[in-house]
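S.K.: These protein sequences, in sequence, are chains A, B, C and D.
According to my numbering, the stretch in the first sequence is residues 2 to 363, in order.
According to my numbering, the stretch in the second sequence is residues 2 to 363, in order.
According to my numbering, the stretch in the third sequence is residues 2 to 363, in order.
According to my numbering, the stretch in the fourth sequence is residues 2 to 363, in order.
Even glycine gets a Cβ: it sits at the ideal position worked out from N, Cα and C.
The structure under discussion is supplied below as structure tokens; questions concerning it will follow.
4 protein chains.
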Amino acid sequence: MIDKMKKTAIVGATGIVGQQFLTALKGHPWLKITTLAASIKSAGKNYEDALRDPKTQALRWYINEEPPAEFLEMKVEDASNLDPSKFDVIFTAIESDQAKKLEPKLAAKTAVISTASAFRYESDVPIIIPGINSDHISLLDIQRKKRGWDGFIIPIPNCTTTGLAISLKPINDSFGLRNVIMTSMQAVSGAGRSPGVPSLDITDNIIPFIPNEEEKIQDETKKILGVKEGNNIKEADFNISSTCTRVNVLEGHTESVFVSTKEKCTIKGIKEAMEQYTGTLMDKGLPSAPKKWIVVNEDPFRPQPRLDRNAYGGMATTIGRIRTDNVLKNGVKYLLVTHNTKMGAAKGAVMVAELLVNRGYI
Amino acid sequence: MIDKMKKTAIVGATGIVGQQFLTALKGHPWLKITTLAASIKSAGKNYEDALRDPKTQALRWYINEEPPAEFLEMKVEDASNLDPSKFDVIFTAIESDQAKKLEPKLAAKTAVISTASAFRYESDVPIIIPGINSDHISLLDIQRKKRGWDGFIIPIPNCTTTGLAISLKPINDSFGLRNVIMTSMQAVSGAGRSPGVPSLDITDNIIPFIPNEEEKIQDETKKILGVKEGNNIKEADFNISSTCTRVNVLEGHTESVFVSTKEKCTIKGIKEAMEQYTGTLMDKGLPSAPKKWIVVNEDPFRPQPRLDRNAYGGMATTIGRIRTDNVLKNGVKYLLVTHNTKMGAAKGAVMVAELLVNRGYI
Amino acid sequence: MIDKMKKTAIVGATGIVGQQFLTALKGHPWLKITTLAASIKSAGKNYEDALRDPKTQALRWYINEEPPAEFLEMKVEDASNLDPSKFDVIFTAIESDQAKKLEPKLAAKTAVISTASAFRYESDVPIIIPGINSDHISLLDIQRKKRGWDGFIIPIPNCTTTGLAISLKPINDSFGLRNVIMTSMQAVSGAGRSPGVPSLDITDNIIPFIPNEEEKIQDETKKILGVKEGNNIKEADFNISSTCTRVNVLEGHTESVFVSTKEKCTIKGIKEAMEQYTGTLMDKGLPSAPKKWIVVNEDPFRPQPRLDRNAYGGMATTIGRIRTDNVLKNGVKYLLVTHNTKMGAAKGAVMVAELLVNRGYI
Amino acid sequence: MIDKMKKTAIVGATGIVGQQFLTALKGHPWLKITTLAASIKSAGKNYEDALRDPKTQALRWYINEEPPAEFLEMKVEDASNLDPSKFDVIFTAIESDQAKKLEPKLAAKTAVISTASAFRYESDVPIIIPGINSDHISLLDIQRKKRGWDGFIIPIPNCTTTGLAISLKPINDSFGLRNVIMTSMQAVSGAGRSPGVPSLDITDNIIPFIPNEEEKIQDETKKILGVKEGNNIKEADFNISSTCTRVNVLEGHTESVFVSTKEKCTIKGIKEAMEQYTGTLMDKGLPSAPKKWIVVNEDPFRPQPRLDRNAYGGMATTIGRIRTDNVLKNGVKYLLVTHNTKMGAAKGAVMVAELLVNRGYI
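Okay, structure coming up:
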């Protein structure tokens with residue numbers, strides 16, 4: 002499908018999200034990692050040495066699959082001195098405050114796909130979920146022009162937003178969303194690893210607060226489901242409120258959703274809309290795209306994060322217990338499970354890159 | 002306060018809830034256990050032997066505190082042949098289908114306080130949370146008359162209802178409830194122990210469904226917050242919808258609540274109503290009553306089940322993150338933690354007995 | 002390699018080990034499941050219905066991968082009326098007391114590979130780990146003759162024995178075992194699921210006793226590493242003592258091993274013996290055989306059950322922290338991780354069947 | 002028993018061990034905290050503010066009981082500028098490398114009881130477990146003289162050593178220890194909290210290595226069970242080897258122990274020696290001393306960390322499954338549970354202070 006492999010850099014390659022990028026890109030048909038970059042203290046070491054704990058020499062590799070051998074001997078570069086013009090695309094896996102400074106320098110020259118929230122809420126920056134709002138990509142033309150960049154910044158959503166927005170898309174298309182009330186039960190991997198969530202905090206426990214998470218989800222969901230109008234995305238016209246909690250699950254966010262629609266809807270109608278949802282036609286050839294965006298599971302005991310997080314390679318959202326809610330007008334309630342470190346992070350970002358290649362932006 | 006100790010029987014004494022009754026009644030100033038009863042296969046053994054696994058001889062005692070020594074040598078009686086006239090009060094800790102048959106036979110002669118749901122939804126049966134709806138007790142007079150019993154059946158609510166109803170009571174009193182939407186994250190101890198929730202099911206996982214739980218909560222909450230009118234309880238006039246899940250927590254149910262009130266309310270007003278809630282005046286002298294019914298914790302990371310379940314001996318409900326909800330009319334959202342096997346089970350039932358003693362029903 | 006598929010039955014097909022057999026045999030090149038059998042209460046139903054909980058209708062399927070579609074519509078037969086002459090091989094996944102009665106009836110006619118311990122300790126019954134003691138198979142000829150059977154019973158070892166015996170084999174071959182002291186930390190899946198280990202028992206806890214486990218491991222290890230002499234297996238000549246505990250891990254048993262050898266040994270020598278261990282030459286073509294029997298991991302923080310249990314499809318044993326022990330004569334200590342429900346159960350049994358096909362016994 | 006309260010400082014008061022000291026000393030009859038000290042970044046704040054996370058304002062208090070109100074408003078002092086002459090005793094809860102520098106400065110003037118390992122292995126420094134080796138205290142006279150200090154440093158053992166040494170003491174007294182082989186399953190609280198053990202590392206997992214832990218246990222156990230000879234402790238004359246692992250338990254270390262004795266011993270004899278062990282007579286009046294040092298539990302499923310860690314206020318060691326080992330000469334094997342953050346840390350250090358007050362050293 003493409004004539005030659007796109008040169009790819011990972012910034013923040015030694016962290017857990019960076020490691021997920023390496024895993025997601027192993028053997029990728031379109032994208033080839035040519036550079037690993039990280040902070041100054043890793044720069045100059047080969048990747049394997051950069052992963053080693055300086056005290057214990059243990060390999061700080063956090064993914065269940067072994068690290069891809071092809072990367073272990075690559076020399077890690079200093080992210081702050083990276084020359085962006087050498088890459089077709091750069092994935093960043095860094096903290097938001099670092100992203101705020103570094104990403105514009107990179108985007109001046111090339112495509113930057115970011116897992117950070119730093120630029121998500123700017124008016125010329127689309128937040129893309131391929132298959133859900135692929136057409137928002139054209140906002141990148143405006144971004145480039147306005148900022149005078151050769152490249153651009155395109156962030157993926159917060160990992161809790163992703164599954165929610167996917168589940169809401171077919172409902173909004175078919176019946177129009179009025180209100181959304183959501184309580185999340187989020188996996189510990191969403192908080193990273195070092196320090197991440199201490200086992201002393203989460204064993205036999207729930208943490209009922211994740212700073213800034215609820216605001217992110219509320220803003221991002223309305224932006225993703227919005228409509229491009231002129232040079233902007235007009236936010237979708239519904240109300241949304243959420244409570245986010247952390248539970249003792251390794252991977253896979255669970256969300257309990259209550260929805261009110263504008264049009265009268267039936268449970269059968271909601272299920273059909275979800276099951277038949279195919280996403281934007283052109284996305285079908287993307288290597289990372291799941292065969293189904295949404296799996297509706299009729300077993301009343303599903304979805305469960307451990308059983309459903311890996312549906313279609315961790316790229317599908319599994320929904321269950323779809324039933325009438327008697328409180329909200331045209332009320333429906335359901336639960337969903339979405340993989341926060343696959344579709345919700347590195348693999349999701351890789352699929353954005355695939356969409357951009359497909360549309361000629363990379 | 003009372004002239005002599007009330008003779009007390011525990012039916013279902015060998016199970017986990019029965020064991021909680023023994024623990025809750027150890028050294029109780031008003032109630033004295035004179036008989037332990039269980040199924041025919043335990044009858045005739047002393048209590049310690051009845052607890053032993055026939056194969057391994059391990060003591061199947063499920064409470065962290067050691068079993069009270071005073072009970073270990075008591076002979077276990079056959080519950081189906083128990084003579085109720087020998088007791089002032091009988092606590093039952095049995096399955097609902099057994100309760101349906103056995104409890105009326107016992108109630109014909111004496112007071113029966115039940116943890117089962119068998120009679121909760123009958124019109125002449127109050128579901129009592131002392132301090133929340135103590136005045137519903139007078140329904141017992143109607144029950145006795147109607148059924149021709151010397152005694153009566155008084156069930157406690159489902160353990161998830163309890164904390165929810167307590168948190169809603171001051172809101173309803175001050176501002177009037179319109180709508181309630183709740184997602185629960187319930188502890189595994191709520192499912193009992195044998196089999197209870199297998200570790201294979203809940204480790205690194207969530208179970209998104211608890212059969213019949215949501216209906217119970219919805220019906221019970223409206224009944225508890227209802228008003229006695231003539232010979233009936235008129236259900237409180239609000240809508241309620243819930244999604245109940247099981248999480249990997251030993252004890253302490255967490256609930257994420259979204260509320261819409263009839264009157265305009267402020268967060269300050271809600272907090273004050275909760276903090277100042279004192280319950281019905283007469284209940285103050287009950288030995289098991291907590292000093293506070295509701296603890297409002299201002300730390301944004303609270304309530305947490307492991308840290309807050311034991312507030313005031315596991316009898317108080319801890320509430321946190323009270324904040325405005327922008328979806329519902331006069332919307333407020335918060336989280337609560339309530340101890341499912343203390344206030345929500347045996348200790349809660351013991352407090353009902355105390356209230357009944359206080360009011361002259363026992 | 003074989004001319005036609007071997008007709009295969011699974012007895013105990015609805016339980017967790019039965020389900021592991023279905024998963025392990027999906028698409029197997031030599032063995033084809035033609036019958037699923039279970040207890041009388043499942044007989045006559047199709048497999049999917051037999052898996053459903055009669056009360057909740059939930060599908061009681063306990064494996065993370067979805068159930069193979071090809072089996073869902075198969076009619077389940079009554080195990081007690083199974084005609085063994087219709088099968089080339091029968092896998093049994095039943096309790097030991099049931100196995101004691103049923104397996105001889107089946108073995109009278111055909112090959113029975115058993116996960117139960119019922120016959121493991123009889124003198125004419127080999128306990129086989131392919132690649133470790135494949136030559137013990139010839140004991141089956143004696144068993145057949147002595148018992149007058151057309152078939153035979155061949156049990157796999159206890160899941161904790163398997164990894165231990167594999168780790169000890171190259172040490173015994175190279176240096177001669179004198180003493181073995183082992184403490185296990187076993188996964189909850191080893192106890193099955195219904196009831197299995199209740200979450201109330203194992204969360205934030207360890208259970209320090211598994212009835213009969215230590216005796217099994219001690220007897221089986223010495224038998225497996227023994228030598229066939231005439232019509233018997235002569236137990237290997239070393240002492241072994243173990244303490245078995247249950248920990249809060251889903252899958253993968255961890256074992257802490259202290260060994261004393263007869264010959265002087267070095268850490269380097271032990272590692273080389275383990276890494277170079279290739280098993281019996283003829284086993285190489287078995288479809289389920291791992292490329293390596295033993296993985297020696299030099300990272301001091303390995304092996305870990307979650308990271309290492311799936312090495313080579315869950316069929317390899319991972320060993321780490323091999324170091325000198327200063328208490329025992331010629332002392333060495335190490336830790337190992339072995340997958341208790343793959344190599345230690347169904348997949349291990351399937352590999353035994355493969356070995357038997359390879360040697361002409363099936 | 003004492004004429005006036007001893008002035009007490011806590012160094013490292015904001016960390017998890019420091020918090021355990023505050024909890025352990027709340028209402029103590031002999032010791033009164035007059036100063037809380039911590040690093041320069043906490044100095045000058047009141048204690049409550051020093052506990053708050055600068056970003057989220059959450060109170061970083063890690064103990065299940067609420068923080069003692071009497072300390073919340075105390076001003077935190079800079080540990081590096083603390084004037085030791087103002088205190089009768091200083092408890093330190095700091096890292097070993099900091100302890101190396103700071104503790105000698107403090108010990109020049111007053112008694113320092115340390116949880117760090119910095120000085121444990123020096124010949125003039127006793128490692129004290131009251132009731133086990135109280136008489137080693139006289140080594141402090143030598144330490145003072147040799148170092149020219151008014152005060153002294155007295156460290157408590159590693160938390161895994163404590164339970165092991167207690168369990169071995171009566172065996173050594175009665176039968177003489179020859180060999181000890183131990184595998185530990187240690188709770189996550191032993192690693193502190195920030196970062197401590199990430200939940201991503203330990204959920205559904207075991208970490209088979211704790212750096213330096215095995216060496217500490219081996220050295221400390223022989224020193225504690227040693228005999229004071231002249232100006233030194235002569236290490237006890239037995240061999241010891243251990244493997245230390247981290248498991249998913251909040252509190253309470255479990256240890257699987259195999260012992261060989263010099264004299265012939267019986268299981269009955271070992272049990273009697275343990276049950277009758279009373280410690281040194283003079284220690285009986287110490288406020289924190291448990292009524293029993295060792296609880297022998299005959300239930301084969303005990304000890305379990307969640308059920309047994311709090312025996313006698315977390316100060317007793319619970320031992321179970323005492324049985325013959327057939328590998329070692331005069332072999333015995335058993336399991337023990339000891340509370341790592343009570344007897345094994347702050348409460349254990351407080352009991353050392355009590356012993357020192359009792360003997361006139363403070």
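1) Does the beta carbon of PHE259(D) come closer than 9 Å to any beta carbon on chain C?
2) Count the CB pairs spanning the segment 343-363 of chain B and the segment 286-297 of chain B that are closer than 8 Å, and state whether there are at least three.
3) Less than 9 Å separating the beta-carbons of VAL248(D) and ALA188(D)?
4) So with Cβ pairs under 9 Å, would you call VAL113(D) a contact of chain C?
5) Run through the DSSP bridge pairs and tell me what ASN82(C) is partnered with.
6) I'd like the list of long-range same chain contacts for GLU264(C), defined as Cβ closer than 8 Å, with 5 residues on each side in sequence excluded.
7) Here's the rule: buried if 16 or more other CB atoms are within 10 angstroms of the residue's CB, otherwise exposed. What is ASP202(A)?
8) Hey, out of ALA25(C), LEU32(C), CYS160(C) and LEU23(C), whose CA is closest to LYS5(C)'s CA?
9) Against ASN249(D), what residues of chain A qualify as contacts under a CB-to-CB distance less than 9 Å, listed in chain order?
10) Among VAL333(C), GLY191(C) and MET344(C), whose alpha-carbon lies nearest the alpha-carbon of ALA312(C)?
11) Which residues does DSSP list as the beta-bridge partners of PHE153(C)?
12) Starting from VAL12(D) and walking both ways along the beta strand (DSSP E), at which residues does that stretch end?
13) Rounding to the nearest angstrom, what Cα-Cα distance links LYS381(D) and LEU251(B) in this structure?
14) Spatial neighbours of SER261(C) within its chain, please: C-beta separation below 7 Å, excluding the five flanking residues on both sides.
15) In three-state DSSP terms, what is ILE34(B)?
16) 9 Å is my cut-off, CB to CB: does PHE153(C) come that close to chain A?
17) Under the assumption that ALA350(A) contacts ILE114(A) (Cβ atoms under 8 Å), give the Cβ distance between them as a whole number of angstroms.
18) Taking Cβ positions only, does LEU226(B) come closer than 9 Å to chain A?
19) Can you tell which of ALA59(C), ASN298(C), ASP79(C) and ALA117(C) has the C-alpha that lies nearest to the C-alpha of ALA10(C)?
20) Check for me: the alpha helix (DSSP H) holding TYR278(A) runs from which residue to which?
21) Can you pull the DSSP bridge partners for MET186(C)?
22) Does any residue of chain A have a CB that is nearer than 9 Å to the CB of LYS42(D)?
23) Please list the terminal residues of the continuous beta strand (DSSP E) segment that includes ASP54(D).
24) Counting Cβ pairs closer than 8 Å, one from the segment 133-145 of chain B and one from the segment 95-102 of chain B, do we hit at least three?
25) Would you verify that the beta carbon of ARG307(A) is, or is not, closer than 9 Å to some beta carbon of chain C?
26) Please look up how many angstroms separate the CB atoms of SER168(D) and ILE320(D), rounded, as I've assumed it's under 8 Å.
27) Counting only C-beta atoms, is THR57(C) closer than 9 Å to chain A at any point?
28) Please list, in chain order, the chain A residues whose beta carbon lies closer than 7 Å to that of PHE302(C).
29) Given a cut-off of 9 Å, decide if ILE130(B) and ILE225(B) are closer than it, judged by their beta-carbon atoms.
30) Flag ASP125(D) as yes if its beta-carbon sits less than 9 Å from any beta-carbon of chain C, otherwise no.
31) At a Cβ cut of 8 Å, what residues of the segment 170-188 of chain D count as close to chain C, listed as they run along the chain?
32) Going along chain B in order, which residues have a C-beta closer than 8 Å to the C-beta of PRO212(C)?
33) Can you say whether ILE41(D) is buried or exposed, counting buried as having 16 or more other CB atoms within 10 angstroms of its CB?
34) Give me the chain B residues within the contact set of SER190(C), using Cβ-Cβ distance strictly less than 8 Å, ordered along the chain.
35) Should VAL18(A) go down as buried or exposed, given a rule of 16 or more other Cβ atoms within 10 Å for buried?
36) State the beta-bridge partners of ILE234(C) as determined by DSSP.
M.R.: Once the coordinates are examined:
1) Numbered from its first residue, the fourth sequence carries residue 259(D) at position 258. Output row for PHE259(D): interface = yes.
2) yes
3) The residue you call residue 248(D) lines up with position 247 of the fourth sequence. The residue you call residue 188(D) lines up with position 187 of the fourth sequence. Yes, Cβ-Cβ distance for VAL248(D) and ALA188(D) is below 9 Å.
4) By 1-based counting over the fourth sequence, the position of residue 113(D) is 112. Chain C contact via Cβ: absent.
5) In the third sequence, counting from the first residue as 1, residue 82(C) sits at position 81. For ASN82(C), which the question treats as bridged, DSSP gives no partner whatsoever.
6) For the purposes of this step, residue 264(C) is identified with residue 263 of the third sequence, where counting begins at 1. Here the set comprises SER175, PHE176, GLY177 and ASN331.
7) As a position in the first sequence, residue 202(A) is number 201, starting the count at 1. The residue in question, ASP202(A), is buried, as its Cβ has 16 or more Cβ neighbours within 10 Å.
8) Sequence index remark: in the third sequence, residue 5(C) carries index 4 (1-based). Among ALA25(C), LEU32(C), CYS160(C) and LEU23(C), the Cα nearest to that of LYS5(C) is on LEU32(C).
9) Here residue 249(D) refers to the residue found at position 248 when the fourth sequence is read from its first residue. Chain A residues near ASN249(D): SER200 and THR204.
10) The sequence position of residue 312(C) within the third sequence is 311, counting from 1. Checked all of VAL333(C), GLY191(C) and MET344(C); the closest Cα to ALA312(C) is MET344(C).
11) Here residue 153(C) refers to the residue found at position 152 when the third sequence is read from its first residue. In DSSP, PHE153(C) forms a bridge with ALA112(C).
12) The residue labelled residue 12(D) in the question sits at position 11 within the fourth sequence. From DSSP, the beta strand (DSSP E) with VAL12(D) extends over 7-12.
13) Summary: the structure shown does not reach residue 381(D), with chain D confined to residues 2 through 363, and so no result is reported for it.
14) As a position in the third sequence, residue 261(C) is number 260, starting the count at 1. ARG179, ASN180, LEU329, LYS330, ASN331 and GLY332, listed in sequence order.
15) What you label residue 34(B) is simply residue 33 of the second sequence in a count that begins at 1. Of the three classes helix, strand and coil, the one that applies to ILE34(B) here is strand, per DSSP.
16) Locating residue 153(C) in the third sequence gives position 152, counting from the first residue. No, no contact with chain A.
17) Mapped onto the first sequence, residue 350(A) falls at position 349. Mapped onto the first sequence, residue 114(A) falls at position 113. Yes, ALA350(A) and ILE114(A) are in contact; Cβ-Cβ is about 5 Å, under 8 Å.
18) Residue numbering aside, residue 226(B) sits at position 225 when the second sequence is read from its first letter. Cβ-Cβ to chain A under 9 Å: no for LEU226(B).
19) Along the third sequence, read from residue 1 onward, the residue named residue 10(C) stands at position 9. Closest by alpha carbon: ASP79(C).
20) Working through the first sequence from its first residue, we reach residue 278(A) at position 277. Segment: none, TYR278(A) is in no alpha helix (DSSP H) and carries neither H nor E.
21) As a first step, residue 186(C) is located in the third sequence; it is residue number 185 there, counting from the start. For MET186(C), which the question treats as bridged, DSSP gives the partners THR246(C) and THR255(C).
22) Taking the first residue of the fourth sequence as 1, we reach residue 42(D) at position 41. Output row for LYS42(D): interface = no.
23) Start at 1 with the first residue of the fourth sequence, and residue 54(D) comes out as number 53. Looking at the DSSP string, ASP54(D) is not in any beta strand (DSSP E), and its letter there is neither H nor E.
24) no
25) Here residue 307(A) corresponds to residue number 306 of the first sequence, with the count starting at 1. At least one chain C Cβ lies under 9 Å of ARG307(A).
26) Taking the first residue of the fourth sequence as 1, we reach residue 168(D) at position 167. Taking the first residue of the fourth sequence as 1, we reach residue 320(D) at position 319. Confirmed, Cβ separation roughly 6 Å.
27) For the purposes of this step, residue 57(C) is identified with residue 56 of the third sequence, where counting begins at 1. Closer than 9 Å: yes.
28) Counted from its first residue, the third sequence places residue 302(C) at position 301. By Cβ distance, chain A contributes ALA59.
29) For the purposes of this step, residue 225(B) is taken as residue 224 along the second sequence, with counting starting at 1. For the purposes of this step, residue 130(B) is taken as residue 129 along the second sequence, with counting starting at 1. Yes. Within cutoff.
30) The residue you call residue 125(D) lines up with position 124 of the fourth sequence. Not one chain C Cβ lies under 9 Å of ASP125(D).
31) ASN180, VAL181, ILE182, THR184 and MET186
32) Locating residue 212(C) in the third sequence gives position 211, where the first residue counts as 1. Correct list: LYS56 and THR57.
33) Against the fourth sequence, residue 41(D) aligns to sequence position 40. Classification of ILE41(D): exposed, given that the 10 Å Cβ count is below 16.
34) If you number the third sequence from 1, residue 190(C) lands on position 189. The contacting residues are LEU201.
35) Along the first sequence, one-based indexing puts residue 18(A) at 17. Under this definition VAL18(A) is a buried residue.
36) Taking the third sequence and counting its residues from 1, one reaches residue 234(C) at position 233. DSSP, once it has assigned bridges, lists LYS229(C) as partnering ILE234(C).
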